[in-house]
Amino acid sequence: MVTNKTLPPGASAGLPEHLRRIARIRRLSNVMAWACLTVPVLLVLGMLRYWTATSAADVFRHAGLGIAPPATLDALSRVGGFAISMVPLAALVFGLLAARQCFRLFANDQALTAAAVRSLRTFAVAMAVSAALQPLAGAALSVLLSALSPERTWSLAVNVGSDTLLQLLFSGIVAVIAWVLVDATEIADEHRQFV
Numbered sequence: 001m002v003t004n005k006t007l008p009p010g011a012s013a014g015l016p017e018h019l020r021r022i023a024r025i026r027r028l029s030n031v032m033a034w035a036c037l038t039v040p041v042l043l044v045l046g047m048l049r050y051w052t053a054t055s056a057a058d059v060f061r062h063a064g065l066g067i068a069p070p071a072t073l074d075a076l077s078r079v080g081g082f083a084i085s086m087v088p089l090a091a092l093v094f095g096l097l098a099a100r101q102c103f104r105l106f107a108n109d110q111a112l113t114a115a116a117v118r119s120l121r122t123f124a125v126a127m128a129v130s131a132a133l134q135p136l137a138g139a140a141l142s143v144l145l146s147a148l149s150p151e152r153t154w155s156l157a158v159n160v161g162s163d164t165l166l167q168l169l170f171s172g173i174v175a176v177i178a179w180v181l182v183d184a185t186e187i188a189d190e191h192r193q194f195v
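With our numbering applied, the sequence shown closes on residue 195, and no number is skipped along the way.
Right, dumping it as structure tokens:
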């Protein structure tokens, strides 16, 4: 095991191959942990910016509504739209924070621990929940926005795209792998206690 966890760039060149792999895993895991903290902040700020600055026509178009939008969206409508949009995003943020914990454990040589694989499982489940909530949030948003239309036509738009289906599939794959790894780490821990 490498005792110096903060090797300067290029310092791992003289190390044996397995120690270079460990150093690479640490570096990449630290970068990913940082990204899993930064991306949620950017996503929430982006969502806030969208709901404060996007025109009513663009909001209606993005929601898949083919009805006339109002001239502007009032503050209450924007807050409601933001709140609805934040439901699947909150699940995604929760998942990314769980992934961050997983990467931090990887960076500290705790890759095959129950805590790391539980964090991975939490990430996968949160991603699946986020994907499942996206069409529901979109439907709720379409009802809210259609109520604001001068046409007074209620619309319900449900959109399940290939990106949602792929996110669900990916989440399911990672969740099953994580559940298997959780069982494997628990069995390994039990065996260590007997020895």
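C-beta atoms are modelled at their ideal positions from N, C-alpha and C, and glycine is treated no differently.
If you ignore the 5 residues before and after residue 134, its C-beta comes within less than 6 Å of the C-beta of 88 and 164, all in its own chain and listed in chain order. With a cutoff of 8 Å on beta-carbon distance, residue 125 and residue 175 are scored as near each other. Of 145, 127, 68 and 37, the smallest CA-CA separation from residue 169 is found for 127. A residue is called buried when at least 16 other Cβ atoms come within 10 angstroms of its Cβ; residue 148 meets this threshold and is buried. Scanning 77, 122 and 112 for the CA closest to the CA of residue 96 turns up 122. Shown here, residue 172 sits in a helix according to DSSP, grouped into three states. Around the Cβ of residue 112, a 10 Å sphere holds fewer than 16 other Cβ atoms; the residue is exposed.
Looking from the CA of residue 156, the closest CA among 186, 93 and 139 belongs to 139. Counting C-beta atoms within 10 angstroms of its own C-beta, residue 194 has fewer than 16 neighbours from the protein chains shown and is therefore classed as exposed. A direct Cα-Cα distance of roughly 50 Å separates residue 177 from residue 71.
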